[in-house]
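*Asks:* Handing you this structure, nothing more for now.
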Amino acid sequence: MPVRFPALSTTAAVAVVAVVLTGCAGSQAPNSAPDAGTGDGVLDVIGPLEVHSLNPTTAEGIFTRLQVAETLVDADGTGELRPGLASEWDPSEDGLEWKFTLREGAVFHDDTPVDAESVVAALELARASEANTISVAPIAEVRAQDDAVIIGLSEPFAPLPAVLAATSTQILAPSSYAEDGSISRVVGSGPFRVVEVTPPSRVELEAFDGYDGEAPRAESVVYESVGRAENRALMAESGQADVVFGMDPTSLQRVEGAPGLQVESALLPRTIVLKLNAKHPALSDERVRQAFSMALDRPAMATAVMRDPEIAATQMFPPALETWHNESLDPLTHDPERAAELLEEAGWAVGEDSVREKNGQPLQVELLTFPDRPELPTMAAAIQAALAEIGVGVDVRVDNSSEIPAGHASDALEMALFTRNFALVPDPIVTLLKDYPAEGGDWGAMNWSDPDMTEALSRLVTESDHTGAEANTAREQIGITLQEQLPVIPVSWYRQSVIVNDAVEGFVLDPLERSWNLAGVSLQE
Amino acid sequence: MAPLPAPSPPRSPAARTDHDYSLARAVGKVLIRRAAQAVSVTFAVTVTCFVIVQHLPGDIAFRIAAGRYGYDKVDASAAAEVRAELNLDTPAWQQLGGWIADALRLDFGASLVTGASVTDELAHHLSATVHLAAVALLLSVTLGTVIGLLAARSRGGVLDRLTDAWVALVRALPPFVLGLVLIIVFSVQLGWVPAAGHGERGNIVLPALTLAVGLSGLFARVTRDTVAQILESEHVHFARTKGLAGHIVLARHVLRNAGVTLVAYIGVQVLILVEGVVVVESLFAWPGLGHALVHAVFWRDIPSMQATVLALALIVVVVSTLVDLAVLALDPRTREMQ
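Chains as they are written, first to last, in my numbering: chain A, 3 to 527; chain B, -17 to 320.
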């Protein structure tokens, strides 16, 4: 085996140069513009969501976001309902029977028409799981009637159309299901059809010729799941990706000002909140909860952690929720002196060390959070520092997200920090019904209830005119109660940011994150 | 290690039969020993994994529900549904019995999170990992051997010192830092290869390179020392003295002898490779065993976790077997020892 040394020296030299290059490159600003798209006519989309299931209940809405599957009811960016697979819907006089008339001409990707029988079958499968959002509605029966689907309720439930806009109620064709009821492939009725799904990370789509609406502008789309935000940013920067979802503030700083890239962002109907156990000896006192809230310098925290002072929460509902955000509420403000006074009034006096005490018990609370959203542990540390200023000791524990509902169930939870999406169902009332019933909710109140709140929630469930004065008063009541009693303390709102390559035209960011609106996007050649 | 004698003249047919017989017997012994090891590894890994899972913090039903439904849709009713469906309240000893039975049949049932067959998912992940590991190993052996050879030829020279620096540097760099640096240079700055992902041309380059660069340092070190030692030996001096050309001496006398040490060393490196795969796959969104293991642990997807850990352990056994066989083929003395 002859070995040629000159060739080897060259290899070694290249290796050494590569190391030197790698050593210097970290701090340099990018000096080359990303390619104009990937140049192959395929729209490359990257996001954090993994494809670990085809089942609508567990697929985290990935196939509705990709516009493969449709729901009976759709919603625009503000949460206003609009026709989806159903062109219209009406309740009966007593509110116990709803008729959803199906859109004429809708076709599944296997070329069978979307008929009432297949919709009924899909909804029945959704109802089979307690974990499916549809289970919040008191549905007694679902049946087909000509070109309409009739849903019978055991009691009136005005937000039913909003529930049928939840992605977990998406309608798949009968050919999607295997004999045992599991989903073997995703056959929807949207503008894109699935070419191939490679769990956990890749979905390939193509435009569906038989779609009865406006044809998509991109012929084919590839979605890839990439877990780390900094990697997604690098993929955008290198031109490998055309649209990149789920950017965190730190990674965004890297790409801001990079040539060939745009950052689109929108305020989300999502709030970072601090859940409190109102049975805790200190937290049961409304004054203590108010003191905790006043200790937080929200604009400073939003600037430091989220790099965005505008999203400091002044109330529970962000401005993106137009009908729920109430400008006339007194905003939550930073007032450490008043916070200290409130704690004194509640009997928590400054002890020997810096932590306050009452009857020999220190004011010490455990704060549980999780790392799935990287800003949460940082935010928890900021809260820990802010509460230390007013003499509250906080132990931060970073664990799995499921410890929060588990701790709620076992009553062991003291405080938890997480984000709450109020638009999993476009009408926030459905989320609030789960979070603030009298007995408390896993991601809401804990050992706290208020008769006004309960009354207002049930009024919204029965009131069919959701824009009327009755409904407005009820929403106002809920906002006021949450603001005054603080069963859960709002900390920050949320901004979703997306990096879009300049070669992409027509991208519109949906603040509800229901759809990625890829059908309206085209790639410049 | 003592050097090999120079190749002997052609043997008589009778001698060849003897030789083949001893090789076959040696191979048989290796296979039996390694098969026994595979069974005991399966047992040990299964039991250890089970004990660890039992002691992981947190309520398992809530974890699985979080994996299934997404974290902000998990509530007590979803967890209760999971608990009832999966019989999570069965006593521990019964669950362990089930685990061992699954492992021995190599049938792990369905994933608790995705509901898909674990064996199918494993095949997918395993092929991605084996692909990545094989390319990485090939790259690292090539890179390491070349650098080691060059260093051995200029002992004490500049290149030798640079090799020392290279070895120290790549061993000290954690794979995720190295990976990010490679992405910034080769994807963002130069635009030669994709930054991350799977399923497109060129996706494998950066993860394989990240693993290979990390491993190449030790290969370079071992090659350098082995080759240096052989170059000093009397039979190499003799070969030179009798007038053989430099490249012939290198190929016939130096490389074959060094090969025995290097191949044996690959077996050791595979352990480091398996460890590196977990980090590198997560970094580059490469859907292999490491990626699957992280998710399975996070979501308490027990069958997937069990299958993935077992696959990683068996990869080590399989590679060790291949290394044993390669050493048998390269070094006749080991056959006699068997």
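Don't be surprised by glycine CBs; every beta carbon is placed ideally from N, CA and C.
Does the Cβ of L232 of chain B have 16 or more other Cβ atoms within 10 Å, making it buried, or fewer, making it exposed?
*Replies:* L232 of chain B is buried by the Cβ-count criterion.
*Asks:* Strictly below 7 Å CB to CB, what residues from chain A border V95 of chain B?
*Replies:* Ordered by position in chain A, the residues that pass the 7 Å Cβ test against V95 of chain B are H54.
*Asks:* Determine the DSSP secondary structure at S517 of chain A, reduced to helix, strand or coil.
*Replies:* Correct three-state label for S517 of chain A: coil.
*Asks:* Under a Cβ-count criterion, where at least 16 other Cβ atoms within 10 Å of its own Cβ denotes burial, should E216 of chain A be classed as buried or exposed?
*Replies:* Exposed.
*Asks:* State yes or no: is the C-beta of P492 of chain A within less than 8 Å of the C-beta of L334 of chain A?
*Replies:* Yes, the pair counts as a contact, with Cβ atoms nearer than the cut-off.
*Asks:* Considering only the alpha carbon of each residue, which of A:H54, A:V47 and A:A77 lies closest to P430 of chain A?
*Replies:* It is A:A77 whose Cα lies nearest to the Cα of P430 of chain A.
*Asks:* State yes or no: is the C-beta of M237 of chain A within less than 8 Å of the C-beta of V246 of chain A?
*Replies:* Yes. Within cutoff.
*Asks:* Could you say which of B:A202, B:V218 and B:G179 lies nearest to R230 of chain A if we only look at CA atoms?
*Replies:* Selected option, being the one with the closest Cα: B:G179.
*Asks:* Cutting at 7 Å between CB atoms, please list the residues of its own chain near L127 of chain A, excluding the five before and the five after it.
*Replies:* Once the five neighbours on either side are set aside, the close Cβ partners of L127 of chain A are G183.
*Asks:* What separation, rounded to the nearest whole angstrom, lies between the Cα atoms of A150 of chain A and A118 of chain A?
*Replies:* Roughly 6 Å separates the two Cα atoms.
*Asks:* If you follow the beta strand (DSSP E) that L45 of chain A is part of, which residue opens it and which one closes it?
*Replies:* First-last of the beta strand (DSSP E) with L45 of chain A: V44 to G49.
*Asks:* Does chain A have any CB closer than 8 Å to the CB of P176 of chain B?
*Replies:* By this cut-off, P176 of chain B is an interface position.
*Asks:* If we ignore side chains and look at the alpha-carbon of each, how far apart do P453 of chain A and Q479 of chain A end up?
*Replies:* Between P453 of chain A and Q479 of chain A, the C-alpha separation is close to 11 Å.
*Asks:* Looking only at DSSP bridge pairs, what is I141 of chain A linked to?
*Replies:* DSSP lists A:L155 as partners of I141 of chain A.
*Asks:* What residues in its chain sit with their C-beta under 6 Å from that of A139 of chain A, if we drop five residues either side in the sequence?
*Replies:* If we look at A139 of chain A and ignore the five residues flanking it on each side, its Cβ neighbours are F159, L162 and V165.
*Asks:* Does the beta carbon of R289 of chain A sit closer than 8 Å to a beta carbon anywhere in chain B?
*Replies:* Not an interface residue.
*Asks:* When you compare only the Cα positions, how much space is there between R67 of chain A and A458 of chain A?
*Replies:* In a straight line, the C-alpha of R67 of chain A is about 32 Å away from that of A458 of chain A.
*Asks:* Using a Cβ-Cβ cut-off of less than 8 Å, give me the residues of the stretch 58 to 86 of chain B that come near chain A, in sequence order.
*Replies:* Under the 8 Å Cβ criterion, the stretch 58 to 86 of chain B contributes A58, S59, A60, A61, A62 and E63.
*Asks:* Kindly list the residues whose CB is nearer than 8 Å to the CB of L296 of chain B, restricted to its own chain and excluding five residues on each side of it in sequence; keep chain order.
*Replies:* Hits under 8 Å: A20, V23 and T24.
*Asks:* Give a yes or no on whether the C-beta atoms belonging to T273 of chain A and T371 of chain A are separated by under 8 Å.
*Replies:* Against a cut-off of 8 Å, the Cβ pair of T371 of chain A and T273 of chain A comes out as no contact.
*Asks:* Which whole-angstrom value describes the C-beta separation of L520 of chain A and A220 of chain A, a residue pair presumed to lie in contact below a C-beta threshold of 8 Å?
*Replies:* Rounded, the Cβ-Cβ distance is 7 Å, consistent with contact.
*Asks:* Evaluate the contact criterion for the stretch 113 to 122 of chain B versus the stretch 219 to 231 of chain B: three or more CB pairs, one atom per stretch, below 8 Å.
*Replies:* No, because fewer than three Cβ pairs between the stretch 113 to 122 of chain B and the stretch 219 to 231 of chain B fall closer than 8 Å, the two stretches do not touch.
*Asks:* Between S323 of chain B and chain A, is the shortest Cβ-Cβ distance under 8 Å, so that the two count as touching?
*Replies:* With chain B running from -17 to 320 in the structure shown, residue 323 of chain B is simply not present.
*Asks:* Label W518 of chain A either buried or exposed according to how many other C-beta atoms from any shown protein chain fall within 10 Å of its C-beta, with 16 as the threshold for buried.
*Replies:* Buried, by the Cβ-count rule.
*Asks:* For the alpha helix (DSSP H) containing P321 of chain A, list its first residue and its last residue.
*Replies:* First-last for P321 of chain A: undefined, no H or E at that position.
*Asks:* Looking at C-beta atoms only, is the number of pairs between the stretch 315 to 332 of chain A and the stretch 259 to 276 of chain A that lie closer than 8 Å three or more?
*Replies:* Yes: the two stretches touch, three or more of their Cβ pairs being nearer than 8 Å.
*Asks:* Enumerate in chain order the residues of its own chain whose CB-to-CB distance from A440 of chain A is below 6 Å, with the five nearest sequence positions on each side excluded.
*Replies:* The answer, listed in chain order, is S451 and T456.
*Asks:* Are at least three pairs of beta-carbons, each pair with one atom in the stretch 169 to 188 of chain B and one in the stretch 233 to 246 of chain B, less than 8 Å apart?
*Replies:* No, they do not touch.
*Asks:* Quick one, are the C-beta atoms of A384 of chain A and A284 of chain A less than 8 Å apart?
*Replies:* No, Cβ-Cβ distance for A384 of chain A and A284 of chain A is not below 8 Å.
*Asks:* I need the straight-line Cα distance from A92 of chain B to D102 of chain B, nearest angstrom please.
*Replies:* When rounded, the distance between both Cα atoms is 9 Å.
*Asks:* Here's the rule: buried if 16 or more other CB atoms are within 10 angstroms of the residue's CB, otherwise exposed. What is N33 of chain A?
*Replies:* For N33 of chain A, the predicted model reports a pLDDT of 36, less than 50, meaning its position is unreliable; a value from the coordinates is still stated below. Classification for N33 of chain A: exposed.
*Asks:* Establish whether the CB of P(-11) of chain B and some CB of chain A are separated by less than 8 Å.
*Replies:* Residue confidence is low: P(-11) of chain B scores 47 on pLDDT, short of 50, so the model does not pin down where it sits. Its coordinate-derived value is still stated next. It does not; no Cβ of chain A falls within 8 Å.
*Asks:* From L525 of chain A to W268 of chain B, what distance separates their C-alpha atoms?
*Replies:* Rounded to whole angstroms, L525 of chain A to W268 of chain B spans 27 Å at the Cα level.
*Asks:* Does any residue of chain B have a CB that is nearer than 8 Å to the CB of A167 of chain A?
*Replies:* By this cut-off, A167 of chain A is not an interface position.
*Asks:* Could you check whether L83 of chain A and A167 of chain A sit closer than 8 Å to each other, using their CB atoms as the reference points?
*Replies:* Result yes, Cβ atoms of A167 of chain A and L83 of chain A sit closer than 8 Å.
*Asks:* Would you say A280 of chain A and S286 of chain A are within 8 Å of each other, going by their C-beta atoms?
*Replies:* Closer than 8 Å, so yes.
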